[in-house]
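Taken in order, the first sequence gives residues 992 to 1425; the numbers are from our numbering.
Every residue, glycine too, gets a C-beta built ideally from N, C-alpha and C.
The structure appears below as structure tokens.
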Amino acid sequence: MAQTVITRFPPSPTGFLHIGGVRTALFNYLFTAHNGGVMYLRFEDTDKERSKKEFEDDIVAGLAWLGIPYTLADNPRQSERLSVYQPYVARLIKEGHAYEAEESENTPGKKVVRFKNPNSSITFHDAIRGSVTFDTTELGDFVIARNTDEPLYHLAVVIDDHDMGVTHIIRGEDHVSNTQRQILIQEALGFVRPEYAHIPLILAPDKSKLSKRHGALSINEYRAQGFIAEALLNYLALLGWNPGTNQELYTLEELAKEFTLDRVHKAGAVFDIHKLLWFNHEHLKKLSDTEYATRLGEFAKKDVDPRVLPLLKARAQTLAEAATALTEEFGFLGDISYDPALLLQGGKLQAESTSNHLRAVAGLLEHLPDESFTAEQLKDILWPYATDQGRGAVLWPLRVALSGKEKSPDPFVIAALLGKTEALLRIARAAKNL
RNA sequence: GGCCCUAUCGUCUAACGGUUAGGACAGAAGCUUCUCAAGCUUUAAAUCCGGGUUCGAUUCCCGGUAGGGUCACCA
């Protein structure tokens, strides 16, 4: 019987949750869910100066918003597990695998703990890269603890992974060369070696490692821009992995069902905001009107009229864009005010004929029963007249009369949304203003 | 620079020795059209280079080249 899969997502709380971190957490989650295992969240905060509670909270909030499930480890902070590490440091020193050295950089006289490098060759198996070999000699006797009480990253991570029974370490490619140090420590401590999987990095358009200077990195920023979790997760999952089919749209559950490490790429992938935008629009379109309205509510200043929801969904790629459209192109549901000159398309149309067209349109609509006031029927009735008189000459002023905007959905849709009474009122007012 | 890793359209990628090298995003053109979007159709675009192995290489091997990662008392 196969051993239970145990993975972990161990960010250091020294910054906000960013795109790269999310992708690492996501791959860990997908692998874990696919195999029915457990993924622990813990915080690597041995760097007391840089670690902040604020970042820890941001990471937790971010994972919650994204909907990536995890199990919080017992005593999740390394800073609170010092007593766990101390015996190991003592043992390493006692057994000759480490020693105290008089060469503290910051505080003269203080002793750091160095690992006694056996200068061996380490070969480990990587689920994505296959066999990787290092000659550890060049590492020298590297420092594993600030002093006998305060471990550094390499020591702490090895002990934590062992204590938690981690079976698979899935992390960024930037950790491959760290693996040799960690394996050396594992062997000195007699721990079993977990399976490693180093996933490719996410790159900026210039192929360098993605960083702040390349724009938004924190997922909070993407959230504020109106991206939704479903799209972010779907896009990120397909950066460096794919199931081998042409399918691109996935739910988290579907991804977990398909995900395997052997289909993860070896090369880094460039982050493309345009494709993310496309995924966002696709996932936005899949939302129910109710759900869409709820999410849009976080961005819109006023209540979202359910009638415009389908129209908004069809055109906006982000919730922020939808919120803007709500007050701009879709602002016609509330009171409108506009310069009457707009009715004449900036002077291209004649006031008299335009006024006549508006009255004629009103005449055509007057006797239409309320229940026939739909976009389709309105178009059927007005189209022949508009075609006969010149569509631009009839439809432009009609649309402006109804929307008050230079840009908006077509007049039939607007009139239907406004209803017969309001539509006729606006047309009459426009005709009068000319 | 040492060590490690990587290499298919501009970008994300499919192909696991035999395909007209496929799809998606972005681009271009067209359709639609009163405006702005959306939508639909069409189209251009790639196996880094050089050697091998093989009847046959995108695919396997070697060498270049290019790119990335890493060389802390950070993680």
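Taking the alpha-carbon positions, what's the residue i to residue j distance?
{"i": "A1311", "j": "H1166", "result": "37 Å"}
{"i": "D1361", "j": "T1412", "result": "9 Å"}
{"i": "A1147", "j": "R1082", "result": "14 Å"}
{"i": "A1377", "j": "Y1329", "result": "23 Å"}
{"i": "F1403", "j": "S1394", "result": "11 Å"}
{"i": "M1155", "j": "T1062", "result": "12 Å"}
{"i": "P1144", "j": "I1135", "result": "Residue 1144 is actually Tyr in this sequence, not Pro. So the alpha carbons of these two residues sit roughly 7 Å apart."}
{"i": "V1104", "j": "E1141", "result": "9 Å"}
{"i": "P1067", "j": "A1366", "result": "58 Å"}
{"i": "H1153", "j": "Y1187", "result": "14 Å"}
{"i": "S1199", "j": "G1231", "result": "16 Å"}
{"i": "P1185", "j": "D1197", "result": "34 Å"}
{"i": "T1124", "j": "T1170", "result": "10 Å"}
{"i": "Q1057", "j": "Y1020", "result": "One point to set straight first is that residue 1057 is Leu, not Gln, in the sequence displayed. Looking at the two C-alpha atoms, the distance is approximately 12 Å."}
{"i": "I1405", "j": "L1246", "result": "40 Å"}
{"i": "R1417", "j": "G1383", "result": "19 Å"}
{"i": "T1114", "j": "L1130", "result": "15 Å"}
{"i": "L1252", "j": "T1236", "result": "16 Å"}
{"i": "K1423", "j": "K1276", "result": "41 Å"}
{"i": "D1049", "j": "R1204", "result": "21 Å"}
{"i": "F1133", "j": "P1109", "result": "11 Å"}
{"i": "L1180", "j": "V1157", "result": "16 Å"}
{"i": "P1400", "j": "Y1031", "result": "49 Å"}
{"i": "A1024", "j": "L1008", "result": "21 Å"}
{"i": "L1349", "j": "L1415", "result": "10 Å"}
{"i": "N1347", "j": "G1322", "result": "26 Å"}
{"i": "E1320", "j": "E1397", "result": "8 Å"}
{"i": "G1325", "j": "L1373", "result": "24 Å"}
{"i": "E1045", "j": "N1211", "result": "13 Å"}
{"i": "F1290", "j": "E1221", "result": "17 Å"}
Classify residue i as buried or exposed, calling it buried when 16 or more other Cβ atoms lie within 10 Å of its own Cβ.
{"i": "S1112", "result": "exposed"}
{"i": "E1047", "result": "buried"}
{"i": "S1168", "result": "exposed"}
{"i": "N984", "result": "This structure leaves residue 984 out entirely; the chain is present only between 992 and 1425."}
{"i": "G1217", "result": "buried"}
{"i": "G1053", "result": "buried"}
{"i": "L1073", "result": "exposed"}
{"i": "H1159", "result": "buried"}
{"i": "D1294", "result": "exposed"}
{"i": "P967", "result": "Since the displayed the chain opens at 992 and closes at 1425, residue 967 lies outside it and no answer follows."}
{"i": "M992", "result": "Low confidence applies here, because M992 scores a pLDDT of 48, under 50, leaving its location unreliable; read the following figure in that light. Result: exposed."}
{"i": "A1305", "result": "exposed"}
{"i": "Q1341", "result": "exposed"}
{"i": "P1375", "result": "exposed"}
{"i": "V1183", "result": "exposed"}
{"i": "R1014", "result": "buried"}
{"i": "P1060", "result": "exposed"}
Helix, strand or coil: which one does DSSP assign to residue i?
{"i": "N1026", "result": "coil"}
{"i": "T1318", "result": "helix"}
{"i": "T1098", "result": "coil"}
{"i": "E1449", "result": "Nothing about residue 1449 can be reported from this structure: the residues present for the chain run from 992 to 1425 only."}
{"i": "H1438", "result": "This structure gives no information on residue 1438, because the portion of the chain shown stretches from 992 to 1425."}
{"i": "M992", "result": "Here the model assigns M992 a pLDDT of 48, short of 50, so the residue's position is not dependable and the matter cannot be decided."}
{"i": "F1018", "result": "helix"}
{"i": "P1329", "result": "For the sequence presented, residue 1329 should be read as Tyr rather than Pro. In this structure, Y1329 counts as coil in the three-state DSSP scheme."}
{"i": "T1005", "result": "coil"}
Within the same chain, show all residues whose beta-carbon is closer than 8 Å to that of residue i, passing over the 5 residues directly before and after it, in chain order.
{"i": "R1286", "result": "I1219, L1278 and L1310"}
{"i": "G1100", "result": "E1093"}
{"i": "E1164", "result": "H1189, I1190, P1191, L1192 and G1259"}
{"i": "A1215", "result": "A1311"}
{"i": "A1353", "result": "L1415, I1418, A1419 and A1422"}
Take residue i and list the residues in its own chain whose beta-carbon comes closer than 6 Å to its own, dropping the five residues that flank it on each side.
{"i": "K1039", "result": "none"}
{"i": "G1011", "result": "I1193"}
{"i": "I1327", "result": "G1395"}
{"i": "F1018", "result": "I1161 and I1190"}
{"i": "D1280", "result": "L1300"}
{"i": "Y1241", "result": "N1225"}
{"i": "L1408", "result": "R1298"}
{"i": "Q1069", "result": "E1035, D1036, T1037 and A1147"}
{"i": "V1149", "result": "Q1173, I1176 and Q1177"}
{"i": "A1313", "result": "L1287, L1303 and A1307"}
{"i": "L1267", "result": "Y1226"}
In chain order, what residues of the same chain have a beta carbon less than 7 Å from the beta carbon of residue i, not counting five sequence neighbours either side?
{"i": "G1028", "result": "T995, V996, I997 and T998"}
{"i": "L1334", "result": "T1345, P1388, V1391, A1392, A1421 and L1425"}
{"i": "L1243", "result": "G1058 and L1224"}
{"i": "R1033", "result": "R999, P1001, A1064, P1067 and D1151"}
Kindly examine the ligand PLP and report whether one of its heavy atoms sits closer than 6 Å to the Cβ of residue i.
{"i": "R1072", "result": "Here there are no bound small molecules, and the ligand PLP is not part of this structure."}
Sequence ranges, beta strand (DSSP E) only - wholly within the segment 1104–1181, length at least 3: Whole beta strand (DSSP E) segments, 3+ residues: 1112–1117, 1121–1126, 1134–1138 and 1159–1163.
Inside the segment 1198–1236 only - alpha helix (DSSP H) runs reaching at least 4 residues: 1210–1215 and 1220–1228
Runs of alpha helix (DSSP H) lying entirely within the segment 1037–1078, each at least 4 residues, in chain order: 1044–1057
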